[in-house]
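This report refers to the structure that appears directly beneath it.
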Ligand SMILES: Nc1nc2c(ncn2[C@@H]2O[C@H](COP(=O)(O)OP(=O)(O)O)[C@@H](O)[C@H]2O)c(=O)[nH]1
Ligand SMILES: [Mg+2]
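Residue numbers (this note's numbering): 90 to 533.
Dropping the structure here:
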């Protein structure tokens, strides 16, 4: 009898020990337990240890010709796809290193393999869906390997019967494949400048529809631990302008080191501080829900004047410098503002031309050599956006995603939309209608 009790006791402690070792091991190895493991169980005293779900990784990239601000938009689509995927499986979004962007032309700067932490607040992103940098993905996998690569593409035949329907199918690649089989059946291609990275499988996938159309495929048709969607801009936002769209957007806070530089500049050159201008942000983006119109903004007009390819291609959205100066002067008069903050990619001669015609002080952010080297062209662009977002009134360039991102930022800060959704009229002959941007309310 005594022996029997001893065995019973031993079994009991062995069981408790195993449960604890299990929990400890799972945490140590970042294996995630069922969400409700620690929730009160209906029958008391039952410890509900869920089965660990294996982590799966979604990687993506965008057409190499696309600029920084469309890439930010594609991030939002991908993060909401991951949010959807997490309803059933433990997916993590891998952040594609920044680099080789067409507009980043400053000489003597290495502008590739840049981590997201250079530009964004990773902790904030993580509060929307779990994300990791590519280098951390490589560490976690333990080899420079991606299991499956899909290049997304349209349907060669277009929309059948001119009707839009959501679908996807494995198809022959329409363009020359960007990934090629090399020795050992490994596929090589541009993996952000990490030369040893390879993929085990590569296919082209024709797709039309919203991002979550790919969820069933990722859940069920593939068991790969890591899946890379290239040309991810092919799929659309699930719910453009909806709550999840805005949650993804609100979570994309800039890195604090860039915000600090922007705030410093506002204070020194534009008499602008958050306290005075009523733009103090909540620590956590989830708590940032200001009433519309509560933000006042600093005493300046901010202008985003997109030139370069916009002007070269004589797009209707690009006014002549003279026309732009006239529109700026009118707003300054109407709004009783005497200072202009100018964000632009214009050449110096155009900037000088503009300054000569603007009736007021024109201020620009010019980075020191150290700041430029440290934070690159992308960081400088973000600082420009941050300063522009804090102005009393903003006018941007129609259809420029650089201007769109400033507009979202101002909505998040709580500005009256009338001070935000404005863009330059092009020259009369090209742009007689001068359509103004759609006003987007944040859905909380
Ligand atoms: N610093 C800075 N860079 C700009 C400005 N306007 C354009 N750029 C650069 O040009 C790029 C424009 O590309 P993109 O972000 O795709 O915006 P979009 O082409 O205007 O829709 C930006 O990412 C910047 O690199 C500006 O006002 N300031
Ligand atoms: Mg662009």
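For every residue, glycine included, the Cβ atom is placed at its ideal position computed from N, Cα and C.
Collapsed DSSP secondary structure at residue i in the structure displayed
{"i": "residue 387", "result": "strand"}
{"i": "residue 194", "result": "coil"}
{"i": "residue 462", "result": "helix"}
{"i": "residue 215", "result": "helix"}
{"i": "residue 334", "result": "helix"}
{"i": "residue 438", "result": "helix"}
{"i": "residue 533", "result": "coil"}
{"i": "residue 258", "result": "strand"}
{"i": "residue 269", "result": "strand"}
{"i": "residue 229", "result": "helix"}
{"i": "residue 164", "result": "helix"}
{"i": "residue 407", "result": "coil"}
{"i": "residue 527", "result": "coil"}
{"i": "residue 299", "result": "strand"}
{"i": "residue 369", "result": "coil"}
{"i": "residue 221", "result": "strand"}
{"i": "residue 248", "result": "coil"}
{"i": "residue 99", "result": "Caution applies to residue 99, whose pLDDT of 47 falls short of 50 and renders its modelled position unreliable; the model cannot decide the point."}
{"i": "residue 136", "result": "A caution first: residue 136 carries a pLDDT of 45, below 50, which makes its placement in the model unreliable, though a value can still be read off. Residue state, collapsed to three classes: coil."}
{"i": "residue 184", "result": "strand"}
{"i": "residue 450", "result": "strand"}
{"i": "residue 144", "result": "strand"}
{"i": "residue 414", "result": "helix"}
{"i": "residue 274", "result": "helix"}
{"i": "residue 426", "result": "coil"}
{"i": "residue 155", "result": "coil"}
{"i": "residue 203", "result": "strand"}
{"i": "residue 364", "result": "helix"}
Sheet register partners of residue i (DSSP bridge)
{"i": "residue 512", "result": "485"}
{"i": "residue 237", "result": "290, 316"}
{"i": "residue 393", "result": "432"}
{"i": "residue 494", "result": "Answer is none; residue 494 lacks a bridge partner."}
{"i": "residue 242", "result": "295"}
{"i": "residue 350", "result": "Residue 350 is not bridged to any residue."}
{"i": "residue 280", "result": "Residue 280 is not bridged to any residue."}
{"i": "residue 343", "result": "209"}
{"i": "residue 325", "result": "299"}
{"i": "residue 179", "result": "144"}
{"i": "residue 480", "result": "387"}
Any non-hydrogen atom of ligand 2 closer than 6 Å to residue i Cβ
{"i": "residue 154", "result": "no"}
Contact test: residue i Cβ vs ligand 1 heavy atom, cutoff 6 Å
{"i": "residue 527", "result": "no"}
{"i": "residue 438", "result": "no"}
{"i": "residue 159", "result": "yes"}
{"i": "residue 395", "result": "yes"}
{"i": "residue 489", "result": "yes"}
{"i": "residue 369", "result": "no"}
{"i": "residue 321", "result": "no"}
{"i": "residue 540", "result": "The requested residue 540 is not part of the displayed model; the chain covers only 90 to 533."}
{"i": "residue 245", "result": "no"}
{"i": "residue 220", "result": "no"}
{"i": "residue 199", "result": "no"}
{"i": "residue 151", "result": "no"}
{"i": "residue 473", "result": "yes"}
{"i": "residue 470", "result": "yes"}
{"i": "residue 192", "result": "yes"}
Cβ shell of residue i (< 8 Å), same chain only, five flanking positions each side left out
{"i": "residue 110", "result": "Note that residue 110 has pLDDT 36, beneath the 50 cutoff, so the model's placement of it is unreliable and the number below is only indicative. Nothing meets the Cβ criterion."}
{"i": "residue 331", "result": "532"}
{"i": "residue 369", "result": "363"}
{"i": "residue 311", "result": "237"}
{"i": "residue 426", "result": "388, 389, 390, 420, 449, 481, 482"}
{"i": "residue 257", "result": "294, 295, 296, 297, 298, 302, 303, 306"}
{"i": "residue 517", "result": "none"}
{"i": "residue 300", "result": "166, 167, 169, 170, 173, 324, 325, 326, 327"}
7 Å CB neighbourhood of residue i in its chain, flanking five on each side removed
{"i": "residue 339", "result": "374, 377, 501"}
{"i": "residue 387", "result": "355, 359, 360, 361, 366, 479, 480, 481"}
{"i": "residue 328", "result": "334"}
{"i": "residue 498", "result": "474, 478"}
{"i": "residue 287", "result": "233, 234, 275, 276, 277"}
Cβ-based neighbour list, residue i, same chain, cut-off 6 Å, excluding 5 preceding and 5 following
{"i": "residue 356", "result": "362"}
{"i": "residue 519", "result": "405"}
{"i": "residue 526", "result": "510, 512"}
{"i": "residue 239", "result": "292, 294, 318"}
{"i": "residue 420", "result": "390"}
{"i": "residue 529", "result": "330"}
{"i": "residue 381", "result": "none"}
{"i": "residue 487", "result": "406, 512"}
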